[in-house]
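Reading through the structure tokens given below for one structure.
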Amino acid sequence: MVTNAKTFEVLSRGEEENYKKQKQVMSVEFLVATSNVPTREVQFIRYSHQQLDGSLIVVDVSVDELQSIPRPSVRSICRRRLSECLIRDLQNGYSFVTWMENIDVREKEKELHAKFKHFVESGFAFGAQRWMSTLQRQAERFLYSMGINTSLGGTVITAEGRRSLATVTNKMMVSFCNNICNSPHHHLSTSNKTRGRPMEVKTNKRRDDPDKPSGLNRTAGCIVLHLSQHTRISDFLRDAQKRHLWENMSMNSSVHVLANVTIGLDPRNCISVLAISSHNDVLIFQECCDYL
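If you're matching positions, the sequence shown starts at 1 in the UniProt record's numbering and goes up one per residue.
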């Protein structure tokens, strides 16, 4: 996930509309949706160019830290070596994308949780595999949200309704990821007040955000090692009929699926609108997605 992306200087604006030969100095913070993987922040020059055959190329390379750019204390020292994304038009409605990540990282001792070491070192957390997976999922999400779909209950959802649902749940997912990430801008502190398991808590003060109510927002979470396959856990959590087994609001109640919108080739990638029998004035939006 990318957050706090900023453009500090445009070295060359390039040509209008296609960004040909555009150069800019940027600062980006890379996060994984867990507080146990250190934040990576990097400053780099991005060069965008359209080649003679029509293909598009975006190249990033780190620059030395600029004194004029305020930079918080990050836990990982990260430099973006020559990395690039090449996009070719196949002339049949499809694109061929090549992604290369080349990064040097020095993690501070004990900052990377042992349970996430293989996940990060395999490249799936920050590498080209994650970028390609995210790109494909977002492309499918956009494509499927533009069509017309019949829900499980037989209700026809128009294209406008699908787009509205996709917009709302996307904001919901971004907000969720921001809340559980740990970074210099979104800090989680450890609380020892829970029994037997450390709990991480973050408090944010919301102001002047039209999409969220003003006031204090508190997020709490912990890591649990579960001796089961991740797909089995995911299927359990997405099943509306089993929601009462783990959510307080749904306990002693039945949960019904009012609408189900597919947003990918995998039918498990979907947006659902749920209703709880004991709360007639409450609807629940649920988005589920599996990375490749």
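Using N, Cα and C, we set each Cβ at its ideal position, and we do this for glycine too.
Item to check | Of the residues Cys78, Lys20, Gly123, the one placed nearest Gly54, counting alpha carbons only | outcome: Reading the sequence shown from its first residue, position 54 is the one you call residue 54. The candidate whose alpha carbon is nearest that of Gly54 is Lys20.
Next on the checklist: Do Cys222 and Met199 count as a contact pair if the criterion is CB distance below 7 Å?
Outcome noted: In the sequence shown, counting from the first residue as 1, residue 199 sits at position 199. In the sequence shown, counting from the first residue as 1, residue 222 sits at position 222. In contact: Met199 and Cys222 (Cβ atoms closer than 7 Å).
Item to check | Thr150 in three-state terms, based on DSSP | outcome: Numbered from its first residue, the sequence shown carries residue 150 at position 150. Interpretation of Thr150 is limited by its pLDDT of 47, a score under 50 that renders its predicted location unreliable; the figure taken from the coordinates is listed afterwards. Of the three classes helix, strand and coil, the one that applies to Thr150 here is strand, per DSSP.
Checklist entry - Does the count of Cβ pairs from the stretch 116-134 and the stretch 161-177 closer than 8 Å reach three? => result no
Next on the checklist: DSSP three-state label for Gln286, please.
Outcome noted: For the purposes of this step, residue 286 is identified with residue 286 of the sequence shown, where counting begins at 1. In the structure shown, Gln286 sits in a strand (DSSP, three-state: E or B).
Item to check | Nearest neighbour of Val59, chosen from Lys23, Val42, Ser35 [CA to CA] | outcome: Position 59 of the sequence shown, counted from the start, is the residue given in the question as residue 59. The shortest Cα separation from Val59 among Lys23, Val42, Ser35 belongs to Lys23.
Item to check | Leu52 versus Leu143 - alpha carbon distance | outcome: Translated into positions along the sequence shown, residue 52 becomes position 52. Translated into positions along the sequence shown, residue 143 becomes position 143. Computed Cα separation, rounded: 28 Å.
Item to check | For Val224, the three-state DSSP class (helix, strand or coil) | outcome: On the sequence shown, residue 224 is found 224 positions in, with the first residue counted as 1. Three-state result, Val224: coil.
Next on the checklist: Helix, strand or coil, according to DSSP, for Tyr94 in the structure here?
Outcome noted: Residue numbering aside, residue 94 sits at position 94 when the sequence shown is read from its first letter. Three-state result, Tyr94: coil.
Next on the checklist: Please report the straight-line C-alpha distance between Arg243 and Val255, rounded to a whole angstrom.
Outcome noted: Residue numbering aside, residue 243 sits at position 243 when the sequence shown is read from its first letter. Residue numbering aside, residue 255 sits at position 255 when the sequence shown is read from its first letter. Going from the Cα of Arg243 to the Cα of Val255 covers about 7 Å.
Next on the checklist: Using the three-state DSSP reduction, which class does Asn178 fall into: helix, strand or coil?
Outcome noted: Here residue 178 refers to the residue found at position 178 of the sequence shown. Three-state DSSP puts Asn178 in a helix.
Next on the checklist: So Ile271 and Val261 are supposed to be a Cβ contact under 8 Å. How far apart are they, rounded?
Outcome noted: Within the sequence shown, residue 271 is the residue found at index 271, counting from 1. Within the sequence shown, residue 261 is the residue found at index 261, counting from 1. Their Cβ separation, rounded to whole angstroms, is 4 Å, which keeps Ile271 and Val261 in contact under 8 Å.
Next on the checklist: I need the boundaries of the alpha helix (DSSP H) containing Val120, first residue and last residue.
Outcome noted: Locating residue 120 in the sequence shown gives position 120, where the first residue counts as 1. Element bounds for Val120: 117-121.
Item to check | Where Gly14 falls: helix, strand or coil (DSSP) | outcome: Position 14 of the sequence shown, counted from the first residue, corresponds to residue 14. Here Gly14 sits in coil by DSSP.
Item to check | C-alpha gap between Ser277 and Met249, whole angstroms | outcome: As a first step, residue 277 is located in the sequence shown; it is residue number 277 there, counting from the start. As a first step, residue 249 is located in the sequence shown; it is residue number 249 there, counting from the start. Going by the C-alpha atoms only, they are around 10 Å apart.
Next on the checklist: In the DSSP assignment, the beta strand (DSSP E) including Ala114 goes from what residue to what residue?
Outcome noted: Against the sequence shown, residue 114 aligns to sequence position 114. Where Ala114 is concerned, there is no enclosing beta strand (DSSP E), given that its DSSP letter is neither H nor E.
Next on the checklist: If I measure Cβ to Cβ from Asn280 and keep anything under 6 Å in the same chain, skipping five residues before and after, which residues do I get?
Outcome noted: Translated into the one-based positions of the sequence shown, residue 280 becomes position 280. Cβ neighbours of Asn280 beyond the five flanking positions: none.
Checklist entry - Hey, how far is the Cα of Ser83 from the Cα of Asn102? => result Reading the sequence shown from its first residue, position 83 is the one you call residue 83. Reading the sequence shown from its first residue, position 102 is the one you call residue 102. Each residue's Cα considered, the two are about 5 Å apart.
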